[in-house]
Amino acid sequence: MPKMKIRGGDLDLVEYEFSPFSPGEKINALGIEGRHLAPVEGKVRATAPGRIHLTVLDMNRFAPNRPGGGGVGFALQISCFAEVECTPRETSIDYSREPIVRHFVAVFKEATGYSGGFSIKVRDHENKHVGLGSTGSVLVALATAMNVALGEPLTKDEIRLLIGSNYVEETEDGRVTLGFETGVGPAAVTYGGMAVMGDELALAYHHPFAEGKNVFVIIPETTVSSSGREEFDLLMNRARNLDYQDRELKAYFILMDLIPALERGDLKKIGEVIWEIEFRGSKRAEVEHHGFLIYQHMSRLREAGLEFVGMSSVGPSIAVVTERSEKEMDEILAPMGLAIAISTKVDNVGLKVERIG
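Here the sequence shown stands for residues 1 to 357, numbered as in UniProt numbering.
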């Protein structure tokens, strides 16, 4: 298997062996033992929002085999859903990305002690590897639906930690491999609003965000990949190096400026904090990954007076949160050769669960 190098400072160079494995292997059940199960009749549907991941706090504190690093993000009103029904033995999966579902089913069964099967149908928001969190949202919806179908043996936080500790992406040959996970996505989509994470998947703070405001997602064309080896090289090398320099400053901005602005609902101040972070540490590396053009687009959006502009995750999606209308937004974007890809709002509710038969 290929080995990938991780470099932080001048004396910090290690190799990580990229080792795909079959779904159901390398499970981390976090010491959770079998619980009392009370399977319900019929199907359970869980619907989870998407998410915008604004920044990691310190990429030196996470890797494919270590979830964490802290971060900030918010839930978005674009949805994924999972429908689950208990079966006597076999598990059937109706979803294009079957390996990640099959792997987490194995994780869930080991943690709960469930010996039966599931009939599973999953649909995502179909915006993959552009920074909108399709994998995390799918796993939250899936885990929640399975949990309710078994009488809720696990808490929301236990589900969130299981997802973060067993986060995988599929490979081309049908296997899976450990992925990068800060816990921002599962926390934001579970509880809604804006989530602030500490290390080790600790949920430090969450709060409603930009209620009633518009969110416009712009997805500029890019010639670089935001997944696979390219993502690994970016996050584990230049991004880590820059976070050595700026992690304390980013944490200060979030604790001393972002959280108070969220408390008073000050979108303009929140936007100023996020804009400052776009030029700091690992966030700078993520934006630069796509070339100077992303910065140019975001700068022109800020110059047009938009309150909140930030790139999600490793991009290239740009999120704008504003009081402006879609018509006004179109007028701003047209001279830039850009268009709105998604017009929506912040999701301040989070997970929704219903029995459908």
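Heads up, the beta-carbon is just placed ideally off N, CA and C, and yes, glycines get one too.
Going by the DSSP bridge assignment, what does residue 82 pair with across the sheet? 46, 122, per the DSSP bridge assignment.
Residue 312 and residue 326: beta carbons closer than 8 Å? The answer is no: Cβ separation not under 8 Å.
Can you give the Cα-Cα distance for residue 94 and residue 102, rounded to whole angstroms? Roughly 11 Å separates the two Cα atoms.
Fully enclosed by the stretch 110-189, which beta strand (DSSP E) runs are 3 residues long or longer? Taking only runs of at least 3 residues, the beta strand (DSSP E) segments lying wholly in the stretch 110-189 are 117-123, 168-170, 176-178.
Let me know the secondary structure DSSP gives residue 101 once reduced to three states. Reduced to three states, the DSSP call for residue 101 is helix.
Applying the 10 Å Cβ sphere with the 16-neighbour rule, what's the burial state of residue 96? Exposed, since its Cβ has fewer than 16 Cβ neighbours within 10 Å.
Limits of the alpha helix (DSSP H) - the one that residue 330 falls within: Per DSSP, the unbroken alpha helix (DSSP H) holding residue 330 starts and ends at 326-333.
Comparing C-alpha positions only, which one of 356, 350, 355, 354 sits nearest to residue 77? Of 356, 350, 355, 354, the smallest CA-CA separation from residue 77 is found for 350.
Own chain partners of residue 10 with C-beta closer than 8 Å, once the 5 adjacent residues on each side are dropped: Only weak support is given to the placement of residue 10: the predicted model assigns it a pLDDT of 47, under 50, and the value that follows is read from those uncertain coordinates. Excluding residues within five positions, none has a Cβ falling inside 8 Å.
Give me the Cα-Cα distance between residue 156 and residue 57, rounded to the nearest whole angstrom. Cα atoms of residue 156 and residue 57: separation of roughly 24 Å, rounded to the nearest angstrom.
According to the Cβ coordinates, are residue 39 and residue 145 closer than 8 Å? Taking 8 Å as the cut-off, the beta carbon of residue 39 is found no closer than this to the beta carbon of residue 145.
Which residues in the same chain have their Cβ closer than 7 Å to the Cβ of residue 133, if we skip the five residues on either side of it in sequence? 50, 51, 53, 185.
Cβ contact check for the stretch 197-215 and the stretch 61-69: 3 or more pairs under 8 Å: Segments in contact, yes.
Going along the chain, which residues of its own chain have a beta-carbon closer than 7 Å to the beta-carbon of residue 187, five neighbours each way excluded? So the qualifying residues of the chain are 160, 195, 197, 203, 206.
Roughly how many whole angstroms lie between the Cα atoms of residue 180 and residue 80? Looking at the two C-alpha atoms, the distance is approximately 20 Å.
Return helix, strand or coil for residue 350, following the three-state DSSP convention. Look at residue 350 here: in three-state DSSP terms it is coil, with no helix or strand label.
Burial state of residue 226, where buried means 16 or more other Cβ atoms lie within 10 Å: Low confidence applies to residue 226: its pLDDT is 49, below 50, so where it sits in the model is not reliable enough to give any reading.
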